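Q:
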Amino acid sequence: MKNLNVALAGYGWWGRKMATLITGRATRLRIAVVVEPGDEARRAAEEAGHAAVADLAEALARPDVDAVILATPHVFHAEQIRLAAAAGKHIFCEKPLALTEVDAVAAVRLCAERGLVLGIGHERRFEPPMAALLEACRAGDLGRIVQIEANFSHDKFVHLAAGNWRLDPAHAPLAGMTATGIHLTDLAIAILGRPVSVSAYCDRLVSTIPQGDTLGALVTFEGGGNAYISASLGVPFVSRFAVYGSKGWREIRDKSHVENPTGWLVLASDAATGLTNIEEAPAAEAVLDNLEAFARAALGEAAYPIATADMVANTALLEKMGAAVASGGAVRF
Numbered sequence: 456m457k458n459l460n461v462a463l464a465g466y467g468w469w470g471r472k473m474a475t476l477i478t479g480r481a482t483r484l485r486i487a488v489v490v491e492p493g494d495e496a497r498r499a500a501e502e503a504g505h506a507a508v509a510d511l512a513e514a515l516a517r518p519d520v521d522a523v524i525l526a527t528p529h530v531f532h533a534e535q536i537r538l539a540a541a542a543g544k545h546i547f548c549e550k551p552l553a554l555t556e557v558d559a560v561a562a563v564r565l566c567a568e569r570g571l572v573l574g575i576g577h578e579r580r581f582e583p584p585m586a587a588l589l590e591a592c593r594a595g596d597l598g599r600i601v602q603i604e605a606n607f608s609h610d611k612f613v614h615l616a617a618g619n620w621r622l623d624p625a626h627a628p629l630a631g632m633t634a635t636g637i638h639l640t641d642l643a644i645a646i647l648g649r650p651v652s653v654s655a656y657c658d659r660l661v662s663t664i665p666q667g668d669t670l671g672a673l674v675t676f677e678g679g680g681n682a683y684i685s686a687s688l689g690v691p692f693v694s695r696f697a698v699y700g701s702k703g704w705r706e707i708r709d710k711s712h713v714e715n716p717t718g719w720l721v722l723a724s725d726a727a728t729g730l731t732n733i734e735e736a737p738a739a740e741a742v743l744d745n746l747e748a749f750a751r752a753a754l755g756e757a758a759y760p761i762a763t764a765d766m767v768a769n770t771a772l773l774e775k776m777g778a779a780v781a782s783g784g785a786v787r788f
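This is the structure:
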């Protein structure tokens with residue numbers, strides 16, 4: 456069975472998480488080389504047993520590299536996707552795909568023109584209880600979906616060094632939106648479709664994080680329904696995703712951050728009794744499941760399950776959210 460040989464670009468917090476999963480547990484991926492411009496992080500990659508280079512172009516020129524995984528600062532994604540596509544490599548990009556709709560459209564077009572698979576780091580779709588919820592929505596089990604309430608917040612970045620790119624508004628705008636909230640909007644788009652307007656609030660209330668630590672947004676959708684999104688960088692970890700429909704509702708709560716998943720609580724309405732059912736779902740490694748799905752798609756074995764139209768819609772929503780915060784009012788698409 457063939458493996459997908461990848462260049463892993465970025466050996467920071469999340470790059471190391473993915474490297475550990477691929478090296479220890481992946482069945483269809485192999486890291487051919489790590490790309491890391493930082494001397495200390497590159498040495499760490501080498502000490503972990505990886506070949507490592509400083510320049511992405513050098514990795515893309517290697518004949519043993521089939522694909523690239525981008526775990527790099529968001530502002531670099533658009534150009535790195537362009538380079539990888541020009542080299543004929545399949546691309547898995549950490550979220551967000553880009554910071555502007557124009558760049559997202561260009562990324563999708565480049566990959567489509569060259570017959571390349573484009574994957575995205577929205578592992579929340581691969582969490583077993585979330586996958587079951589998405590299927591329940593598609594099947595109509597909850598009736599017509601009218602509202603989504605979602606919060607994915609943490610305080611992991613409060614004590615980062617001031618020079619860290621995750622604290623730079625040019626790289627990571629809108630409080631926790633690019634770190635966590637972007638997952639919630641992806642799920643909302645998967646359920647409710649294309650967004651048509653957004654109102655948003657962002658402020659710095661409990662930290663010195665330059666891009667703010669508190670974000671709230673209300674999104675409306677073309678087919679009706681709305682989603683309230685909360686993404687704070689200044690409170691202890693919380694992650695909940697609730698969907699309300701005419702036949703019932705379901706809520707998923709993470710026990711821990713996806714960095715170290717320990718399972719979920721699933722709350723659901725019981726139409727027969729009027730009571731709330733609570734079940735536990737065991738831990739699963741959705742980050743790896745997403746990467747393996749990308750590998751199968753790149754190897755021609757199955758279609759990648761996240762539509763590129765959703766990737767573009769989510770990036771457009773991120774950009775419009777910034778405009779809504781700046782204007783203080785609702786922004787239409």
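Residue numbers (the working numbering): 456 to 788. Note that CB positions come from ideal geometry on N, CA and C, so glycine has one too. None of these values were measured; they are calculated from a predicted model.
Kindly list the residues whose CB is nearer than 7 Å to the CB of Pro518, restricted to its own chain and excluding five residues on each side of it in sequence; keep chain order.
A: Answer for Pro518: no residue qualifies.
Q: Below 6 Å CB to CB, which residues in the same chain sit around Ala655 once its five sequence neighbours on both sides are set aside?
A: Hits under 6 Å: Ala672, Met776, Ala779 and Val780.
Q: Helix, strand or coil, according to DSSP, for Asp658 in the structure here?
A: In the structure shown, Asp658 sits in a strand (DSSP, three-state: E or B).
Q: By the DSSP assignment, the beta strand (DSSP E) with Leu673 in it spans what residues?
A: Residues Thr669 to Phe676.
Q: Is Asp709 helix, strand or coil by DSSP?
A: If DSSP states are grouped into helix, strand and coil, Asp709 belongs with the strands.
Q: Under 8 Å: do the region 620-634 and the region 537-549 share three or more Cβ pairs, one atom per stretch?
A: No, the region 620-634 does not touch the region 537-549.
Q: So the alpha helix (DSSP H) His638 belongs to, where does it begin and stop?
A: From DSSP, the alpha helix (DSSP H) with His638 extends over Ile637 to Leu647.
Q: Under the three-state reduction of DSSP, which class applies to Ala562: helix, strand or coil?
A: Reduced to three states, the DSSP call for Ala562 is helix.
Q: Return the first residue and the last residue of the alpha helix (DSSP H) that Asn745 is part of.
A: Run containing Asn745: Ala741 to Ala753, per the alpha helix (DSSP H) assignment.
Q: Does the pairing of the region 524-532 with the region 459-473 give three or more beta-carbon distances under 8 Å?
A: Output reads yes: the region 459-473 touches the region 524-532.
Q: Taking 7 Å as the cut-off, does the CB of Ser685 come closer than this to any heavy atom belonging to the ligand FMN?
A: The model depicted lacks the ligand FMN and carries no ligand whatsoever.
Q: Does the distance from the C-beta atom of Ala645 to that of Arg580 stay below 8 Å?
A: In this structure, Arg580 lies closer than 8 Å to Ala645 by Cβ.
Q: Are the Cβ atoms of Phe769 and Arg695 separated by less than 8 Å?
A: It is Asn, not Phe, that sits at residue 769 in the sequence shown. No. Outside cutoff.
Q: Cα separation between Ile546 and Thr640?
A: Rounded to whole angstroms, Ile546 to Thr640 spans 22 Å at the Cα level.
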